[in-house]
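Numbering follows my numbering, with no gaps: position 410 of the sequence shown is 488. Even for Gly, the Cβ is constructed at its ideal location relative to N, Cα and C. Note that this is a predicted model, so its numbers are computed, not measured. Have a look at the structure below before the remarks.
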Amino acid sequence: MSSTTQEARSVRSLIPARMDRLPWTRFHWTVVVGLGTAWILDGLEVQIVAANAFAKQLDMSAFEVTLTATFYLFGQVVGALVFGRLSDRLGRKRFFILTLAIYLVGSGISGFAFAPWFLYLFRFVAGMGIGGEYTAINSAIDEIIPSRYRGRIDIAINGTYWGGALIGNAAYLFLLNQPALDESGWGWRIGFFVGPLLGLIIIFLRRHVPESPRWQITHGHERDAEANVDRIEREVADEAGTALEPVPDSKAIEIPVHDRVPFGVIAHTLFKRYPKRTLVAFSMMVTQSFLYNAIFFTYATVLTTFYRIPTEQIPLFFFPFALGNLAGPLILGPLFDTIGRKQMIFATYGIAALVLGVSGALFSAGALGAVSQTVLWCVCFFFASAGASSAYLTVSETFPLQLRGQAISYFFAIAQIAGAIAPAVFGLLIGDGKSRGPLAGGYYFGAGMMLVGGVIALVFGVRAERQSLEDISDVDFIDKARREAPART
């Protein structure tokens, strides 16, 4: 179909209303379990690599070890940008299968590394898979989950990164404390196989997760979309044990059909039609990424440098930190659907900023020990974790469906760049540990960034709670953009 024909064609559909009125059943749990693994795998990967147990056997310097994370991060950015656009054009389902497969290959082969360059290459491949997962899966989850549950589910799933980190930490403690594995060098290698083993189980679950009916309808596959929703409704009705209420025709909407979105239209949508949403997405993603990476990747260094905690005891301090991060999204997530997005984003960002600022002052004064410092970090990131998870939700739900994957990829890439800078900056502030002032200043700066991000969301954010995705943004944004600022197609 030509672009001109598509501009003139639209479909009158009840599909969005039919999907949003579904009760919660086992079908939705299948979607959550099947798709909610990307963050678990990412957390697991970061924690396994953070152990740096491969450095000795591969004869890597401290700088070469840091490059391992850099290549993984760069792979995530490339994967998000590539697969974000492809998932918008070609569908969600094929890419949340493909990206997981790419991760399985990259992480699994990393376990056979015999030289630094080989490890870098396959850390990059694994990162590409995870980066692609972020875009395809955030899109699919928000388009399939009913609107009244969307906030809590998206936030909880994003928060499971810390479940993966806990698994990685436990695996690290076990594998590297087995003398036979440690001496043979297989301990760290097996660690790289943990994620792929989990992924092999999940990839079978994903085969049963349907394509997004919303994506199908906007790309001219209305018959497939109708059949897809019919099948979902039958499954949900059987599981619920009751017939579903019919959706009145008054809830039908006109949905334009488009095959692709030109870059000119994307730029117009981000900066002309929705500049406030772009500002909110940018500020939320950058501030949370900077703070998280600044604290997380210097966590061990702070404990060893200022509190003289032996390296082998660091994982014991990490467990409560990760648990606090995991609990925040699970406990606070439902409030984003009831109290509201803007209020909860401001509250979580603001409280996290306040606690971090207080911890910075107490740290500077030398009033904290390793345990009390960890407790304050746990409280801070209990709130920050929910706020950070809501950043991905905000990007995903506030931009139109046809560019949702790409919007996630752009803001994710920007956030990762900010996150890559943060550890280096805080590493310089730590220095030789003789003065606490510079690092305390870094904590104040991070707290200020979080507070600014929360205020921007409160002032310019969107009240998206319990609303259909089609009510949050224009479904005909492409035609409007072309009329307002014609772009080459």
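In whole angstroms, what is the alpha-carbon distance linking residue 501 and residue 87?
-> Taking the first residue of the sequence shown as 1, we reach residue 501 at position 423. Taking the first residue of the sequence shown as 1, we reach residue 87 at position 9. Taking the straight line from one Cα to the other gives about 50 Å.
Cβ of residue 237 within 8 Å of Cβ of residue 119?
-> Here the question's residue 237 lines up with position 159 in the sequence shown. Here the question's residue 119 lines up with position 41 in the sequence shown. Contact: no.
Tell me whether residue 90 sits in a helix, a strand or coil according to DSSP, three-state version.
-> Here residue 90 refers to the residue found at position 12 when the sequence shown is read from its first residue. Looking at residue 90 - three-state DSSP - the assignment turns out to be strand.
Give every residue of the same chain whose Cβ lies closer than 7 Å to the Cβ of residue 84, excluding the five residues on either side of it in the sequence, and list them in chain order.
-> What you label residue 84 is simply residue 6 of the sequence shown in a count that begins at 1. Its pLDDT being 42, under 50, residue 84 is placed unreliably by the model, and the measurement read from it follows with that caveat. Closer than 7 Å at the Cβ level, and outside the excluded window around residue 84, lie 335, 336, 337.
Local conformation of residue 324 per DSSP, three classes = The sequence position of residue 324 within the sequence shown is 246, counting from 1. Here residue 324 sits in coil by DSSP.
Which full runs of the alpha helix (DSSP H) of 4+ residues lie inside the region 391 to 429, going along the chain?
-> Listed in chain order, they are 392 to 416.
For residue 123, is the classification buried or exposed, using 16 other Cβ atoms within 10 angstroms of its Cβ as the cut-off for buried?
-> Indexing the sequence shown from 1 puts residue 123 at position 45. With at least 16 other beta carbons inside 10 angstroms of its own, residue 123 counts as buried.
Cut-off 6 Å between Cβ atoms - residues of its own chain near residue 115, not counting five sequence neighbours on either side = As a first step, residue 115 is located in the sequence shown; it is residue number 37 there, counting from the start. Closer than 6 Å at Cβ, skipping near neighbours: 280.
Local Cβ density within 10 Å of residue 79, reported as buried at 16 or more and exposed below that | What you label residue 79 is simply residue 1 of the sequence shown in a count that begins at 1. Note that residue 79 has pLDDT 35, beneath the 50 cutoff, so the model's placement of it is unreliable and the number below is only indicative. With fewer than 16 other Cβ atoms within 10 Å, it is exposed.
Could you check where the beta strand (DSSP E) with residue 231 kicks off and where it finishes?
-> Residue numbering aside, residue 231 sits at position 153 when the sequence shown is read from its first letter. Going by DSSP, residue 231 is part of no beta strand (DSSP E) but of the alpha helix (DSSP H) stretching over 228 to 237.
Since residue 170 and residue 225 are thought to touch, with beta carbons under 8 Å apart, how far apart are those beta carbons, to the nearest angstrom?
-> For the purposes of this step, residue 170 is taken as residue 92 along the sequence shown, with counting starting at 1. For the purposes of this step, residue 225 is taken as residue 147 along the sequence shown, with counting starting at 1. That pair is no contact at about 18 Å.
Can at least three beta-carbon pairs, one atom from the region 92 to 100 and one from the region 205 to 213, be found at a separation below 8 Å?
-> Contact between the region 92 to 100 and the region 205 to 213 is absent, because fewer than three Cβ pairs lie under 8 Å.
Would you kindly work out how many angstroms separate the C-alpha atoms of residue 451 and residue 380, rounded to a whole number?
-> As a first step, residue 451 is located in the sequence shown; it is residue number 373 there, counting from the start. As a first step, residue 380 is located in the sequence shown; it is residue number 302 there, counting from the start. One C-alpha to the other measures close to 10 Å.
When the distance is taken between beta carbons, is residue 498 closer than 8 Å to residue 159?
-> Along the sequence shown, one-based indexing puts residue 159 at 81. Along the sequence shown, one-based indexing puts residue 498 at 420. No, these two residues do not count as a Cβ contact at 8 Å.
Let me know the secondary structure DSSP gives residue 562 once reduced to three states.
-> Counted from its first residue, the sequence shown places residue 562 at position 484. Of the three classes helix, strand and coil, the one that applies to residue 562 here is helix, per DSSP.
What residues are listed by DSSP as bridge partners for residue 274?
-> Position 196 of the sequence shown holds residue 274. Answer by DSSP bridge pairing: none, since residue 274 is not bridged.
When DSSP labels each residue in this structure, what does residue 304 get in the three-state scheme?
-> If you number the sequence shown from 1, residue 304 lands on position 226. Under the three-state reduction of DSSP output, residue 304 falls in the helix class.
Residue 471: buried (16+ other C-beta within 10 angstroms of its C-beta) or exposed?
-> Counting from one through the sequence shown, the residue named residue 471 turns up at place 393. Classification for residue 471: buried.
Taking the alpha helix (DSSP H) that residue 215 falls in, what are its first and last residues?
-> Stepping through the sequence shown from its first residue, residue 215 is reached at position 137. First-last of the alpha helix (DSSP H) with residue 215: 194 to 222.
Nearest to residue 121 (by Cα), restricted to the options 350, 374, 391 | In the sequence shown, the residue the question calls residue 121 occupies position 43. Proximity to residue 121 across 350, 374, 391 peaks at 374, based on C-alpha coordinates.
Taking just the CA atoms, how far does residue 530 sit from residue 446?
-> To locate residue 446, count along the sequence shown from 1; it is residue 368. To locate residue 530, count along the sequence shown from 1; it is residue 452. Using only the alpha carbons, I get a separation of about 27 Å.
Meets three-Cβ-pair contact criterion under 8 Å: the region 418 to 431 and the region 477 to 485 = When C-beta atoms of the region 418 to 431 are compared with those of the region 477 to 485, fewer than three pairs fall below 8 Å, so the two segments do not count as touching.
Determine the DSSP secondary structure at residue 245, reduced to helix, strand or coil.
-> Along the sequence shown, one-based indexing puts residue 245 at 167. When DSSP states are grouped into helix, strand and coil, residue 245 belongs to the helix group.
Opposing strand residues paired with residue 333 [DSSP bridges] | To locate residue 333, count along the sequence shown from 1; it is residue 255. According to DSSP, residue 333 shares a beta bridge with 89.
Excluding the 5 residues preceding and the 5 following residue 321 in the sequence, name in chain order all residues of the same chain whose CB lies nearer than 7 Å to its CB.
-> By 1-based counting over the sequence shown, the position of residue 321 is 243. Here the set comprises 315.
Stretch-stretch touch, CB-based, cutoff 8 Å, three pairs: the region 509 to 529 with the region 395 to 407 = They do not touch, by the three-pair rule.
Do residue 166 and residue 483 have their C-beta atoms closer together than 8 Å?
-> Looking up residue 166 in the sequence shown gives position 88. Looking up residue 483 in the sequence shown gives position 405. Against a cut-off of 8 Å, the Cβ pair of residue 483 and residue 166 comes out as a contact.
Would you check if there are 3 or more beta carbon pairs closer than 8 Å linking the region 436 to 446 to the region 531 to 547?
-> Output reads no: the region 531 to 547 does not touch the region 436 to 446.
Under 8 Å between C-beta atoms of residue 522 and residue 435 = Taking the first residue of the sequence shown as 1, we reach residue 522 at position 444. Taking the first residue of the sequence shown as 1, we reach residue 435 at position 357. The answer is yes: Cβ separation under 8 Å.
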